[in-house]
Ligand SMILES: N[C@@H](CCC(=O)N[C@@H](CS)C(=O)NCC(=O)O)C(=O)O
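Numbering (the numbering used here), first residue to last: 18 to 268.
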């Protein structure tokens with residue numbers, strides 16, 4: 018049995034959901050309410066000590082970290098495969114995955130929180146925010162502290178957007194040999210970057226590729242046409258559905 022602890026709006030959960038749907042796997046939906054801190058309860062922390070979603074439980078074994086989960090699912094349920102068969106190509110895909118985890122996956126959190134999620138904490142004063150929100154998070158305490166209730170400093174948001182743009186630059190080059198990042202086949206490399214690009218659209222920042230990276234726009238359109246995509250993003254998966262997006266004051 019496969020159980021997925023996840024949240025609809027969570028970019029990391031979206032990666033795992035698309036892999037499950039691409040493979041037509043049956044899974045039990047264990048939705049976690051992040052706003053209610055359900056990911057910080059002792060029961061959840063026993064599954065995932067990082068206090069983040071997603072967590073996959075397969076026949077009683079907890080697997081954590083979205084990219085690890087994606088690779089695990091691809092190994093255990095290899096049809097259709099989302100990994101090239103050739104070891105050199107597989108190494109190339111893993112190099113993409115590591116880059117995409119280190120650069121855009123980390124970067125997208127900054128505009129996501131700055132433009133939307135930080136609003137959840139607007140009513141708290143600085144002390145309340147630190148003790149009730151930041152300090153209780155095992156993995157993201159300092160990220161939350163840097164953000165505070167007001168959002169990030171302009172420089173940090175701009176640096177994150179720059180990292181996202183550098184990602185698009187690399188994607189644009191790779192997609193010359195598309196239609197997917199690794200060429201002919203849709204792979205885990207496409208899966209890992211998908212939520213960052215979709216989140217930019219959700220935040221009203223699609224102009225970032227519309228202005229200079231047409232192949233990224235075409236790739237995103239192809240991705241949206243995959244049957245698994247619509248299943249991955251049901252109603253309630255976008256931040257803009259549930260909260261007002263705060264435009265960047267300086268843009
Ligand atoms: N490296 C982890 C990161 C997971 C992660 O950051 N999840 C976010 C949602 S996308 C989360 O649970 N955040 C909880 C919080 O902000 O307290 C993974 O890829 O699974």
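Cβ coordinates follow ideal geometry from the N, Cα and C atoms, glycine included. It should be emphasised that the depicted structure is a prediction, and the values quoted were computed from it without experimental measurement.
TODO: Thinking residue 75 and residue 49 are a contact (beta carbons under 8 Å), I'd like their distance in whole angstroms, please.
DONE: In fact, because the Cβ distance is near 17 Å, the residues do not count as touching under 8 Å.
Task: Helix, strand or coil at residue 262 [DSSP, three-state] - done: Look at residue 262 here: in three-state DSSP terms it is coil, with no helix or strand label.
TODO: Let me know if residue 32 comes out buried or exposed under the rule of 16 or more other beta-carbons within 10 Å of its beta-carbon.
DONE: The Cβ neighbour count for residue 32, taken over all protein chains shown within 10 Å, is at least 16; the residue is labelled buried.
Task: DSSP-derived helix/strand/coil call for residue 208 - done: Per DSSP, reduced to three states, the secondary structure at residue 208 is helical.
Task: residue 183 to residue 172 span [Cα, whole Å] - done: So the two alpha carbons sit approximately 16 Å from each other.
- [ ] Indicate the three-state DSSP secondary structure (helix, strand or coil) for residue 226 in the structure shown.
- [x] DSSP, read as helix, strand or coil, puts residue 226 in helix.
Open item on the list: Using CA atoms only, rank isn't needed, just tell me which of 268, 263 and 267 is closest to residue 139.
Closed with: A check of alpha carbon separations from residue 139 across 268, 263 and 267 identifies 263 as the nearest.
Task: Candidates 40, 167, 160 and 59, of which the one nearest residue 95 by Cα - done: Here the closest residue by C-alpha is 40.
Open item on the list: Taking DSSP's pairing of strands, which residues face residue 79 in a bridge?
Closed with: Its beta-bridge partners are 74.
TODO: Could you tell me the distance, in whole angstroms, from the CA atom of residue 246 to the CA atom of residue 240?
DONE: Approximately 7 Å, taken between the alpha carbons.
- [ ] Counting only the same chain and skipping the five closest in sequence on each side, list residues whose C-beta sits under 8 Å from that of residue 233.
- [x] Apart from the 5 residues on each side of it in sequence, residue 233 sits with its Cβ closer than 8 Å to the Cβ of 185, 188, 189, 192, 214 and 226 in its chain, given in chain order.
TODO: Please confirm whether any heavy atom of ligand 1 lies closer than 6 Å to the CB of residue 28.
DONE: For ligand 1, at least one heavy atom lies less than 6 Å from the Cβ of residue 28.
TODO: Mind listing, in chain order, the continuous alpha helix (DSSP H) runs of no fewer than 4 residues lying wholly within the stretch 96 to 121?
DONE: Listed in chain order, the complete alpha helix (DSSP H) runs (minimum 4 residues) inside the stretch 96 to 121 are 104 to 117.
TODO: Can you grab the Cα-Cα spacing for the pair residue 133 / residue 165, in whole Å?
DONE: Roughly 13 Å separates the two Cα atoms.
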